[in-house]
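Worksheet for the structure shown next.
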Amino acid sequence: MLKKICANKVGATAAALLCVASLSLTACGSSGDHQDTAANGPSAERPAAPPEKAEPISASLSVTGPKGEEITLDHAPQRVVCLTGICDDLLLELGMEPVATTSPDLLKDKHFMGEEKGGQVPVVQGGFGSEDVGDIASFKPDLVIGLAGVHDGLTSAVEKVAPMWNMQPDSVEDSVAYLRAMAALTGRTAEGEKAENTFYDKIRESRKVADDKGLRNTKALSMYTSSSGTGVNVRNELLGELLANVFDYPWNGKSDDPMTAGQYSVEEILDVNPDVVFVQSFVFAPGDKALTEQWKDNPVWQQVAAVKNNQVHEVNTGLWSMGRGPRALSAVLEEAVSTQ
Numbered sequence: 001m002l003k004k005i006c007a008n009k010v011g012a013t014a015a016a017l018l019c020v021a022s023l024s025l026t027a028c029g030s031s032g033d034h035q036d037t038a039a040n041g042p043s044a045e046r047p048a049a050p051p052e053k054a055e056p057i058s059a060s061l062s063v064t065g066p067k068g069e070e071i072t073l074d075h076a077p078q079r080v081v082c083l084t085g086i087c088d089d090l091l092l093e094l095g096m097e098p099v100a101t102t103s104p105d106l107l108k109d110k111h112f113m114g115e116e117k118g119g120q121v122p123v124v125q126g127g128f129g130s131e132d133v134g135d136i137a138s139f140k141p142d143l144v145i146g147l148a149g150v151h152d153g154l155t156s157a158v159e160k161v162a163p164m165w166n167m168q169p170d171s172v173e174d175s176v177a178y179l180r181a182m183a184a185l186t187g188r189t190a191e192g193e194k195a196e197n198t199f200y201d202k203i204r205e206s207r208k209v210a211d212d213k214g215l216r217n218t219k220a221l222s223m224y225t226s227s228s229g230t231g232v233n234v235r236n237e238l239l240g241e242l243l244a245n246v247f248d249y250p251w252n253g254k255s256d257d258p259m260t261a262g263q264y265s266v267e268e269i270l271d272v273n274p275d276v277v278f279v280q281s282f283v284f285a286p287g288d289k290a291l292t293e294q295w296k297d298n299p300v301w302q303q304v305a306a307v308k309n310n311q312v313h314e315v316n317t318g319l320w321s322m323g324r325g326p327r328a329l330s331a332v333l334e335e336a337v338s339t340q
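Heads up, the sequence shown is in the UniProt record's numbering, so the first residue is 1 and it goes up one at a time.
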């Protein structure tokens with residue numbers, strides 16, 4: 001059995017990729033003076049340092065997730081079907097593997113299972129958010145994990161097969177909370193505490209490396225593009241918060257609506273003038289192009305410091321936007337800091 005209280009919003013990046021409007025790509029320059037690259041210290045506040053040590057986790061078949069959802073199972077789950085990347089991430093952190101996944105490329109990443117082993121995990125048929133329930137049932141799961149705002153419409157059908165838990169990791173704290181809840185449900189409490197402490201150590205280590213390199217004075221931007229449009233990972237969502245630990249990250253949400261919060265125009269990006277840009281280009285169809293290709297001839301984009309200094313990095317979209325758990329976030333921190 002699984003009881004849920006529906007979350008009141010969807011994950012920012014997932015929602016934005018479905019609904020965001022394209023950025024304005026006009027050829028005119030931005031009015032006014034652009035902000036200099038950080039010469040007088042960081043312009044944005046750094047998140048608080050992580051806790052020194054994880055609190056003990058107690059095994060339980062009934063837990064409350066970070067969004068208030070109540071999860072009650074009849075037994076500790078062993079056969080978990082993952083319809084979203086954080087599920088795969090958490091299972092691996094706890095020494096488990098999904099019986100089926102919708103994130104095969106993520107599992108094949110070197111930070112996860114590697115090309116050979118990751119390629120052996122069965123892939124659930126159907127599109128993201130419209131997976132084949134019959135195929136899910138064929139794996140005989142005792143728990144199915146999806147993404148809030150994407151899999152809500154699938155839940156009632158899936159729950160005829162197995163309990164379903166739709167996660168919504170909007171922050172670093174959320175990711176840790178889901179790790180702890182999963183550790184409690186599976187009874188892998190020692191593994192959960194170890195994974196949590198390892199993640200905290202990675203954040204501390206990355207902050208120190210960033211300080212040693214002077215990266216707190218480096219303005220960074222993480223953004224994404226797809227056939228639906230382009231947007232910025234703002235500070236009050238997962239990637240923005242994470243990168244604010246190691247860079248000057250002055251990208252606040254423009255609204256409370258996750259579908260519009262990151263809609264910065266290219267002129268507004270130039271006004272902030274980031275020193276380094278990390279781009280997640282969701283390229284699926286033959287005609288889709290990476291952001292660096294789309295904007296290579298845009299005169300406003302060409303004025304951005306990161307562009308002029310060859311500091312625009314196309315990153316692994318699976319790792320940066322689909323993992324969302326401690327394992328993926330640790331890899332993102334490592335990659336981001338190593339570019340400088």
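Glycine is no exception: its CB is placed at the ideal position from the N, C-alpha and C atoms.
Per DSSP, cross-strand counterpart(s) of ASN166: Reading the sequence shown from its first residue, position 166 is the one you call residue 166. DSSP lists GLY146 as partners of ASN166.
Alpha carbon of LYS219 to alpha carbon of GLU205, nearest angstrom: By one-based count along the sequence shown, residue 219 stands at place 219. By one-based count along the sequence shown, residue 205 stands at place 205. Rounded to the nearest angstrom, the two C-alpha atoms are 20 Å apart.
Sequence-distant residues of its chain with Cβ nearer than 6 Å to VAL332 (five each side left out): Position 332 of the sequence shown, counting from 1, holds the residue named residue 332. Cβ neighbours of VAL332 beyond the five flanking positions: TRP320.
Distance, THR292 Cα to PHE278 Cα: As a working note, residue 278 is residue 278 in the sequence shown. As a working note, residue 292 is residue 292 in the sequence shown. Using only the alpha carbons, I get a separation of about 11 Å.
Local Cβ density within 10 Å of GLU52, reported as buried at 16 or more and exposed below that: Taking the sequence shown and counting its residues from 1, one reaches residue 52 at position 52. With fewer than 16 Cβ atoms within 10 Å of its Cβ, GLU52 is classed as exposed.
For SER103 and VAL123, the rounded distance between their alpha carbons: In the sequence shown, the residue the question calls residue 123 occupies position 123. In the sequence shown, the residue the question calls residue 103 occupies position 103. Between VAL123 and SER103, the C-alpha separation is close to 8 Å.
Residue interval of the beta strand (DSSP E) (run including GLN280): Taking the sequence shown and counting its residues from 1, the one referred to as residue 280 is at position 280. Per DSSP, GLN280 belongs to the beta strand (DSSP E) from 276-281.
Short Cβ contact (7 Å threshold) for TYR178 with MET164: Along the sequence shown, read from residue 1 onward, the residue named residue 178 stands at position 178. Along the sequence shown, read from residue 1 onward, the residue named residue 164 stands at position 164. No, Cβ-Cβ distance for TYR178 and MET164 is not below 7 Å.
Stretch-stretch touch, CB-based, cutoff 8 Å, three pairs: the stretch 255-274 with the stretch 295-312: yes
Proximity of ASP89 and PRO98 at Cβ, strictly below 7 Å: Locating residue 89 in the sequence shown gives position 89, counting from the first residue. Locating residue 98 in the sequence shown gives position 98, counting from the first residue. Against a cut-off of 7 Å, the Cβ pair of PRO98 and ASP89 comes out as no contact.
Counted within 10 angstroms of its Cβ, other Cβ atoms place GLY192 as buried (16 or more) or exposed: Against the sequence shown, residue 192 aligns to sequence position 192. Buried, since its Cβ has 16 or more Cβ neighbours within 10 Å.
CB-CB length for ASP174 against PRO66, believed under 8 Å: Locating residue 174 in the sequence shown gives position 174, counting from the first residue. Locating residue 66 in the sequence shown gives position 66, counting from the first residue. Indeed, because the Cβ distance is near 5 Å, the residues count as touching under 8 Å.
ALA44 and PRO169 closer than 7 Å at C-beta: Within the sequence shown, the letter at position 44 stands for residue 44. Within the sequence shown, the letter at position 169 stands for residue 169. For ALA44 and PRO169, no; Cβs fall outside 7 Å.
Minimum length 3: unbroken beta strand (DSSP E) runs contained in the stretch 40-68: 62-64
According to DSSP, residues forming a beta bridge with LEU221: As a first step, residue 221 is located in the sequence shown; it is residue number 221 there, counting from the start. For LEU221, which the question treats as bridged, DSSP gives the partners VAL277.
Cβ-Cβ distance between ILE57 and ALA184 below 7 Å: Numbered from its first residue, the sequence shown carries residue 57 at position 57. Numbered from its first residue, the sequence shown carries residue 184 at position 184. A contact, by the Cβ cut-off of 7 Å.
Closest by C-alpha distance to PHE236, when choosing among LEU221, MET96, GLY253: Reading the sequence shown from its first residue, position 236 is the one you call residue 236. Here the sequence assigns Asn to residue 236, which means Phe is not the residue at that position. Measuring from the Cα of ASN236, the nearest candidate turns out to be GLY253.
Continuous alpha helix (DSSP H) stretch holding VAL172: start and end: By 1-based counting over the sequence shown, the position of residue 172 is 172. From DSSP, the alpha helix (DSSP H) with VAL172 extends over 172-186.
Assigned exposure category for GLU131 - 16 Cβ within 10 Å defines buried: If you number the sequence shown from 1, residue 131 lands on position 131. Buried, because 16 or more other Cβ atoms sit within 10 Å of the Cβ of GLU131.
Distance CB(ARG216)-CB(PRO47) smaller than 7 Å: Position 216 of the sequence shown, counted from the first residue, corresponds to residue 216. Position 47 of the sequence shown, counted from the first residue, corresponds to residue 47. Going by C-beta atoms, ARG216 is not nearer than 7 Å to PRO47.
Nearest-angstrom Cβ-Cβ length linking GLU196 and VAL176, presumed shorter than 8 Å: By 1-based counting over the sequence shown, the position of residue 196 is 196. By 1-based counting over the sequence shown, the position of residue 176 is 176. Yes, GLU196 and VAL176 are in contact; Cβ-Cβ is about 6 Å, under 8 Å.
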